[in-house]
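Below is one structure, written out as structure tokens; the observations come after it.
There are 2 protein chains.
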Amino acid sequence: MTESIDHRHIQQAPEIEPPREYTLEGLLDMDFQELETLDSSRLANTPAYVLASFLERLRVDDRRIILRKVNETQASEILAEMDAEDTAETMGAMREWRAVKILEELDLDDATDVVGELEEEDRTRLLSKMLPQTAATVRDLLTYPEDTAGGIMNPEVTTVTLDASVDQAIQQIRKLRDYTEHLHYIYVVDEAKHLKGVLSLRDLLLARPNDAIESITKTALKGVCNALDDKEKVALTLSDLNFSALPIVDDENKLLGIVTYDDVIDIIQEEATEDIQKLVGAGPHESIHDNLSYSITRRGPWLLVNLLTAFMAASVVYYFRNQIEALTLLAVFMPIIASLGGNTGSQTLAVAIRSLALGEIQDSESARVCIMECMKGLANGILIGFVASIIVWIGTRHTGFSLVVFIACILNMGIAGLAGAFIPIFLKRMSFDPAQSSSIFLTTVTDITGFFVFLSLGTWLLL
Amino acid sequence: MTESIDHRHIQQAPEIEPPREYTLEGLLDMDFQELETLDSSRLANTPAYVLASFLERLRVDDRRIILRKVNETQASEILAEMDAEDTAETMGAMREWRAVKILEELDLDDATDVVGELEEEDRTRLLSKMLPQTAATVRDLLTYPEDTAGGIMNPEVTTVTLDASVDQAIQQIRKLRDYTEHLHYIYVVDEAKHLKGVLSLRDLLLARPNDAIESITKTALKGVCNALDDKEKVALTLSDLNFSALPIVDDENKLLGIVTYDDVIDIIQEEATEDIQKLVGAGPHESIHDNLSYSITRRGPWLLVNLLTAFMAASVVYYFRNQIEALTLLAVFMPIIASLGGNTGSQTLAVAIRSLALGEIQDSESARVCIMECMKGLANGILIGFVASIIVWIGTRHTGFSLVVFIACILNMGIAGLAGAFIPIFLKRMSFDPAQSSSIFLTTVTDITGFFVFLSLGTWLLL
Chain A
109 MTESIDHRHI
119 QQAPEIEPPR
129 EYTLEGLLDM
139 DFQELETLDS
149 SRLANTPAYV
159 LASFLERLRV
169 DDRRIILRKV
179 NETQASEILA
189 EMDAEDTAET
199 MGAMREWRAV
209 KILEELDLDD
219 ATDVVGELEE
229 EDRTRLLSKM
239 LPQTAATVRD
249 LLTYPEDTAG
259 GIMNPEVTTV
269 TLDASVDQAI
279 QQIRKLRDYT
289 EHLHYIYVVD
299 EAKHLKGVLS
309 LRDLLLARPN
319 DAIESITKTA
329 LKGVCNALDD
339 KEKVALTLSD
349 LNFSALPIVD
359 DENKLLGIVT
369 YDDVIDIIQE
379 EATEDIQKLV
389 GAGPHESIHD
399 NLSYSITRRG
409 PWLLVNLLTA
419 FMAASVVYYF
429 RNQIEALTLL
439 AVFMPIIASL
449 GGNTGSQTLA
459 VAIRSLALGE
469 IQDSESARVC
479 IMECMKGLAN
489 GILIGFVASI
499 IVWIGTRHTG
509 FSLVVFIACI
519 LNMGIAGLAG
529 AFIPIFLKRM
539 SFDPAQSSSI
549 FLTTVTDITG
559 FFVFLSLGTW
569 LLL
Chain B
109 MTESIDHRHI
119 QQAPEIEPPR
129 EYTLEGLLDM
139 DFQELETLDS
149 SRLANTPAYV
159 LASFLERLRV
169 DDRRIILRKV
179 NETQASEILA
189 EMDAEDTAET
199 MGAMREWRAV
209 KILEELDLDD
219 ATDVVGELEE
229 EDRTRLLSKM
239 LPQTAATVRD
249 LLTYPEDTAG
259 GIMNPEVTTV
269 TLDASVDQAI
279 QQIRKLRDYT
289 EHLHYIYVVD
299 EAKHLKGVLS
309 LRDLLLARPN
319 DAIESITKTA
329 LKGVCNALDD
339 KEKVALTLSD
349 LNFSALPIVD
359 DENKLLGIVT
369 YDDVIDIIQE
379 EATEDIQKLV
389 GAGPHESIHD
399 NLSYSITRRG
409 PWLLVNLLTA
419 FMAASVVYYF
429 RNQIEALTLL
439 AVFMPIIASL
449 GGNTGSQTLA
459 VAIRSLALGE
469 IQDSESARVC
479 IMECMKGLAN
489 GILIGFVASI
499 IVWIGTRHTG
509 FSLVVFIACI
519 LNMGIAGLAG
529 AFIPIFLKRM
539 SFDPAQSSSI
549 FLTTVTDITG
559 FFVFLSLGTW
569 LLL
């Protein structure tokens, strides 16, 4: 297992070596014609995530030009860093023997993601050429929904049985594929694979060769997840417990796989991206580099919803059209009330969505949270409404008008705070995603109530 | 190091044991009077993050009631999970000997965060009572800005020198404090602490006791960060490389500490929360459980900015007041154009902010990204504007009006897409946070251009 190493090389500090890798900036500055001229050995030194990020910006054919220059192992590392969808598209277009080889090099959880994204035809074709056992595992993993622990777990787990010795455990680790970098814990199971305990690498290292595994096993297990648990729950559990991996079991406590910290980092990044993008009705997985048609199909439908809700707000204004005709200043100040309401609500919405994502809002607290946010809106309404009414008075010298602005600010910002907390909490309670386009629903509420409150008050007090 | 263990206990599957811990829901349902009656042994079994989440919702005095029931080690685990600010407030109110003991139990990076948040007076007092060496390290760590690698690193690193043997390395690990759970890599250094290479626990486990460390050391180091690197850069590097820890060095390549995956998970969670909350001008670290005055001081100032920008939008409407008086329908359809522009811009904004956070937008791409987002806005404008103009025509049978709505939609949504990409990219280029209140600036742009485009077109084509 120990490699032969050039000793002169070791003495040399790493920063003395000339830069032998491509940077993303450098790659992006290149012409498409230059892709063919990329240097294989420099590519081999370039981190997989840099090449992945570059390849994601290219068309499938150009991706293949570059992937032809690296070996299957590096290709699998690069493809593992890309979106499963992009990877599947690339692999579907590759020569079959190479695609199969790469699929077999991938970690089983990554291979499953890719196979899951392949066109039906490619899927059958490639699975039939893979090692039967690997193919069987992949098929098995595909049965778990994508957003569950089972859908993200890696079934390659290092296990030992309770009656093993330390030496036998070390033999087990030796058998692992050489490039298994992520060795976190060794799980202790019985003959039927039921999870019994866990062993850290450190305890194993410090134990004597003939010690029984039993004597160094921790049996009070925390953070065991079921394969059908939501993947976001798994991510929160791992990050709460600060573990580097969690074991995933079935209903009978049989060990099925593990989820590791690097998967969790990906889930958290992805969820944060989803939250912020779904909030405004953009595509949850959209990147700024997605093309026109992808982005439009993701955003367009929500803008259509927005169009309909905007007509609802407009119909409130329409209802008051005679009053506006009589006192045009009402139309002038309308946008101020609507804008303040919209932003007050958005502030609450953002805080509520993150608190929900971090598991900070318990069911029993929902009502209290909504009331509290309404209070925060009202309090800010008093402050901002006061300033606004002074500015309006200075501009118009119209006491009634400035009073209307003051009261409308307070009421609309209070309602906005309430809606900003209520909408995501309600969506979550109904088992929808609390972020999904809640910003669009929110601004509808604040526009409608804002126009209604302001125009009614104006009608009542000024006309 | 091996503990004596009750063997009957090991045979028992963990799920058979009765629940001996408190849940967050259970704790939240309690009366304040019941806090005194909490059972110490159940508290000892409750995960630290649950108690931390509960304590953060309590006042300082109530926190002390609960912390008195657990020992210093558990108290330090709970406090490590709380916000550094809350922890500092709690420790400032504790008995001195206990606070000092807890500070010494904390990991040095956590202890530094807490000491950094203490009142000046408490800081001096507690540091003077701590072990001189620990206090010196904490003072040293406090010199790094909070948002740098140095500000989050843990200086307790396991190191061996190049000439050591495997056996000596294992002795080093044995010396570590028993509760150091996070053993990731062993770093290889020279006599002057210059970083020379890295060794995984697995390689160490599989090596023979008399092997030289040199023979199993990896010297081609990736992901070495400087102590002054931005902490978000460190987080992205770790997550790109899928390492469980990164070494932090000074300008002379001396090893100063490590940043581990669990810190990175916290940074990513925190950054996602900051992004989404700052976007709308809420407090970056605000939680839904923060009290009225905290939330208002964080949100109020941005609402004041919003008030001023809303007056700018209102002044555009004011400029067209005579036209609105002549054709009140203009005021009715104004909110539709503004709302569509606002949401189109927000979609781009959200995608751009996440892409910036994930390091997906290179400087050289900025212009292309802005143009592309403008195109996406225009394309959606054609689609949505078409639908809108049909609805307007059905409602009003007024061809001119529906033409104005159509053109105004396209123009405003194109400008909104451009602004949604330009604002965060520009803020980042100017070294501001791209998320900071960009939603407020964006809606100002979309309101002003929306009103202006729509009312000018209306004036020109309809009056």
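Chains as they are written, first to last, in the working numbering: chain A, 109 to 571; chain B, 109 to 571. Glycine residues also receive a C-beta, built at the ideal position from the N, C-alpha and C atoms.
Coarse secondary structure for residue i, derived from DSSP in three states
i              : result
K304 (chain B) : strand
T325 (chain B) : coil
S594 (chain A) : Examination of residue 594 (chain A) is not possible in this model, given that chain A is present from 109 through 571 alone.
D338 (chain B) : strand
G365 (chain A) : strand
S273 (chain A) : strand
T504 (chain A) : helix
P572 (chain B) : Nothing about residue 572 (chain B) can be reported from this structure: the residues present for chain B run from 109 to 571 only.
L146 (chain A) : coil
L400 (chain A) : helix
Y287 (chain B) : With a pLDDT of 49 at Y287 (chain B), under the threshold of 50, the predicted position of this residue should be treated as unreliable, though the coordinate-derived value follows. Coil, per DSSP.
V178 (chain B) : coil
Y427 (chain A) : helix
I469 (chain B) : coil
T552 (chain A) : helix
V265 (chain B) : coil
A201 (chain B) : coil
T436 (chain A) : coil
Residue i versus residue j: straight-line alpha-carbon distance, rounded
i              : j              : result
R128 (chain B) : D215 (chain B) : 27 angstroms
A390 (chain B) : I461 (chain A) : 12 angstroms
Q280 (chain A) : V296 (chain A) : 12 angstroms
W568 (chain B) : Y426 (chain A) : 22 angstroms
A272 (chain B) : K283 (chain A) : 27 angstroms
R406 (chain A) : M199 (chain A) : 25 angstroms
N262 (chain B) : S352 (chain B) : 14 angstroms
I469 (chain A) : S463 (chain A) : 6 angstroms
Y293 (chain B) : H292 (chain A) : 12 angstroms
S510 (chain A) : F419 (chain B) : 14 angstroms
Y287 (chain B) : E185 (chain B) : A caution first: Y287 (chain B) carries a pLDDT of 49, below 50, which makes its placement in the model unreliable, though a value can still be read off. Each residue's alpha carbon lies about 11 angstroms from the other.
L329 (chain B) : M202 (chain B) : 44 angstroms
S323 (chain B) : L270 (chain B) : 9 angstroms
P240 (chain B) : T266 (chain A) : 43 angstroms
L563 (chain A) : L411 (chain A) : 26 angstroms
E382 (chain A) : V372 (chain A) : 15 angstroms
P532 (chain A) : G224 (chain B) : 35 angstroms
L250 (chain B) : T220 (chain B) : 6 angstroms
D574 (chain B) : I376 (chain B) : Only positions 109 to 571 of chain B appear in this structure, which leaves residue 574 (chain B) out of reach.
Cross-chain neighbours of residue i in chain D, by beta carbon under 8 angstroms
i              : result
D383 (chain B) : In the displayed structure, chain D is absent; the protein chains listed are A and B.
Rounded Cβ spacing between residue i and residue j (contact assumed at less than 8 angstroms)
i              : j              : result
C517 (chain A) : G485 (chain A) : No, C517 (chain A) and G485 (chain A) are not in contact; Cβ-Cβ is about 10 angstroms, not under 8 angstroms.
E212 (chain B) : T242 (chain B) : 6 angstroms
K362 (chain A) : T327 (chain A) : Not a contact, Cβ separation roughly 17 angstroms.
V274 (chain B) : R310 (chain B) : 13 angstroms between Cβ atoms; not a contact.
F560 (chain B) : V424 (chain B) : 5 angstroms
L565 (chain A) : V512 (chain A) : 5 angstroms
Q.
Which residues of the segment 415-445 of chain A have a Cβ closer than 7 angstroms to any Cβ of chain B? Give them in chain order.
A. L415, A418, F419, A421, A422, V425, Y426, R429, I432, E433, T436, A439, V440, F441, P443, I444
Q.
Is it the case that the segment 508-526 of chain A contacts the segment 477-488 of chain A, given that we only count it when at least three CB pairs across the two stretches are under 8 angstroms?
A. yes
Q: Residues of the segment 454-469 of chain A with a CB closer than 9 angstroms to any CB of chain B: list them in chain order, please.
A: S454, Q455, T456, L457, A458, V459, A460, I461, R462, S463, L464, A465, L466, G467, E468, I469
Q: Please list the residues of the segment 401-414 of chain B that have a C-beta atom closer than 8 angstroms to any C-beta atom in chain A, keeping them in chain order.
A: S403, I404, R407, G408, W410, L411, L412, N414
Q | Near-chain B residues of the segment 470-492 of chain A (beta-carbon distance less than 7 angstroms), N- to C-terminal order | A | Q470, S472, E473, V477, M483, K484, A487, N488, L491, I492
Q. Between the segment 133-150 of chain A and chain B, which residues of the former have CB atoms less than 9 angstroms from a CB of the latter, in chain order?
A. E133, L136, D137
Q. Which of the residues in the segment 205-233 of chain A, read from start to end, lie with their CB under 9 angstroms from any CB of chain B?
A. none
Q) What residues in the segment 388-400 of chain A have a beta carbon less than 9 angstroms from any beta carbon of chain B? A) V388, G389, A390, G391, E394, S395, I396, H397, D398, N399, L400
Q: Decide if the segment 330-341 of chain A is in contact with the segment 249-261 of chain A; the criterion is three or more beta carbon pairs, one per stretch, under 8 angstroms apart.
A: yes
Q) Between the segment 360-372 of chain B and chain A, which residues of the former have a C-beta closer than 8 angstroms to a C-beta of the latter? A) N361, Y369, D370, V372
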